[in-house]
Structures are given as C-alpha cells and as structure tokens.
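Engineer: Below you'll find the structure I mean.
Residue numbers (this note's numbering): 37 to 304.
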C-alpha cells in the first residue's frame with residue numbers, strides 16, 4: 037500500500053500533468069500559431085546522419101521528422117487504418133500520410149487549439165483530426181491496424197487507462213508504435229504498466245544518443261523561437277520544455293538519468 041508521502045507525491049504529479057494538458061499545451065499552441073511550428077518533439081538524429089530525402093518545407097523539421105520516421109517505419113503502414121494519439125500540431129501525421137501511404141490516418145489530441153491548428157495547416161485526402169482524450173478514445177473496438185504515440189504518454193495522468201484503450205481499439209494483429217521517455221525513478225511504474233497490458237512486446241531500443249544529437253543541432257532555432265514568441269518571464273520554462281542544452285531535461289537524458297525509448301507492441 038502506498039505511503040502518505042507517496043500518495044501526496046502522486047497527487048501532485050497528476051496535478052502537474054493536468055496543468056500541462058489543460059493550460060500549457062493550449063497556451064503554447066496559441067503563442068506558436070505559425071506554419072513553422074508543426075512539431076513539438078525532441079527529435080532524433082543518427083550517426084552517421086539519416087539524411088532522409090525531404091522537400092524544402094519538411095527539411096526545416098528534419099530532426100522531428102527523423103523521430104517519426106524511426107517510430108513509423110517499424111511496420112509497413114501502406115493501406116492501413118492508423119490512429120495517432122496526441123498528434124500535437126500534426127506535422128508527424130502529415131509526414132506519415134505522405135510518406136508511408138496509409139489508407140486513413142486520424143490524429144487525436146486533447147488540446148482543442150492544437151486540433152484547430154491541425155485542421156488549418158494539414159489538408160490531405162484520408163487525413164483527419166479529432167479532439168479527444170487518449171485515456172477515453174472515441175472509437176469502437178477493433179478499429180485500427182496501427183496506433184502511433186510519440187513523446188506524449190509521459191503527460192497522461194493514467195498511463196494504464198491509455199494502454200487499455202489502445203488494446204481495445206486495435207484490431208487483432210495491429211501494432212502500437214510507441215516512443216517516449218521517463219526518468220529512472222519512474223521506470224518501475226512505466227515498465228509495470230507496459231508489462232501489464234495484453235499486447236506483446238516485439239522490440240525496444242534506447243535512443244538517448246540520437247535525441248541528444250537532435251537537441252544539439254536544433255538548439256539555436258528553438259532559442260530564437262522562444263525569444264520571438266514567449267514573454268520574457270516565461271522563457272526559462274520554455275527553454276526547459278524545449279530541452280535546449282544546459283536545461284534539466286537535456287542533462288538528465290544526456291547523463292542517462294532518463295531513457296528515451298522506441299517500442300513496438302502487437303495485439304495477438
């Protein structure tokens with residue numbers, strides 16, 4: 037049974053996640069409501085570099101696209117019906133739709149401002165965006181061939197509820213393509229939730245080095261954006277959230293105090 041201190045800590049952590057979902061992400065969308073800010077992840081770069089073939093519009097988001105590529109390319113998505121839970125500003129949804137050619141791709145996000153952004157900036161046949169809760173998915177059982185979830189589940193108040201919903205809406209034989217990070221103190225709860233869901237783990241790899249290469253390469257662009265778009269008093273939080281070098285998030289990933297992982301799970 038959890039101690040009083042553990043219960044208080046858990047309540048505080050859930051409150052922080054609720055603040056991020058209800059206040060920070062909508063605020064960020066309103067402040068960064070430009071066509072340039074279509075990704076909100078830390079990105080990835082290999083050594084040697086991936087050098088994915090990208091057009092001029094995509095090249096500015098190369099590192100974030102690299103991360104989506106690593107997640108989505110774990111299976112063949114061509115002709116599949118795909119759901120992305122927590123699609124953010126929709127850049128990953130657009131890239132996957134154009135590159136991997138699923139038959140349908142639905143991006144879901146809890147932030148209504150983010151969904152409005154997606155609908156305004158990403159118009160492709162077969163690509164739709166809906167407002168909804170990843171812990172209470174508004175879809176029927178056995179609906180999707182694949183579910184994509186990139187750098188989002190750490191903000192969910194109840195990871196197990198999300199994983200239960202993923203299991204419910206995936207078709208038999210469908211895959212969860214999943215990437216996220218946690219600090220080492222969170223590993224037992226994170227791994228326990230993943231182990232408890234009835235999906236079978238196919239693969240897992242830790243990509244800290246690739247994430248750090250991305251954060252180094254994209255740092256100046258993020259700093260320029262923060263200076264231009266956020267009020268001065270809010271910029272330190274913006275730098276921390278963006279993971280620029282020298283911030284706590286950057287340092288804990290670089291040191292191995294957290295792990296950024298990519299997984300594939302399958303519903304047998």
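The C-beta atom is built at its ideal place from N, Cα and C for all residues, glycine as well. Source: prediction; values computed, not measured.
Find out if the Cβ-Cβ distance for the pair residue 302, residue 209 is shorter than 9 Å.
Structural biologist: Residue 302 is a Cβ neighbour of residue 209, given a cutoff of 9 Å.
Engineer: Among 286, 214 and 170, which has the Cα closest to the Cα of residue 197?
Structural biologist: 170
Engineer: Is there a C-beta anywhere in chain D that falls below 9 Å from the one on residue 255?
Structural biologist: The structure shown contains no chain D, having only a single protein chain.
Engineer: Taking the beta carbon of residue 286 as the centre, do at least 16 other beta carbons fall within 10 Å, making it buried, or is it exposed?
Structural biologist: buried
Engineer: What's the gap between the Cα of residue 141 and the Cα of residue 129?
Structural biologist: Looking at the two C-alpha atoms, the distance is approximately 7 Å.
Engineer: Going by beta carbon distance, what residues of the same chain come within less than 7 Å of residue 116, once the five residues before and after it are set aside?
Structural biologist: Setting aside the 5 residues that flank it on each side, residue 116 is surrounded in the same chain by 138, 139, 181 and 182, each with a C-beta closer than 7 Å to its C-beta; the list follows chain order.
Engineer: Are residue 78 and residue 217 closer than 9 Å when you measure CB to CB?
Structural biologist: yes
Engineer: Nearest CA to the CA of residue 92: which residue from 239, 101 and 213?
Structural biologist: 101
Engineer: Do residue 75 and residue 124 have their C-beta atoms closer together than 9 Å?
Structural biologist: yes
Engineer: Quick one: what's residue 120 bridged to in DSSP?
Structural biologist: Answer is 143 and 184.
Engineer: What are the partner residues of residue 167, as DSSP defines its beta bridges?
Structural biologist: 145
Engineer: List the DSSP bridge partners of residue 241.
Structural biologist: According to DSSP, residue 241 bridges with 298.
Engineer: Taking C-alpha atoms, which residue in 249, 295, 275 and 228 lies nearest to residue 261?
Structural biologist: Of the candidates 249, 295, 275 and 228, the one whose C-alpha sits nearest the C-alpha of residue 261 is 275.
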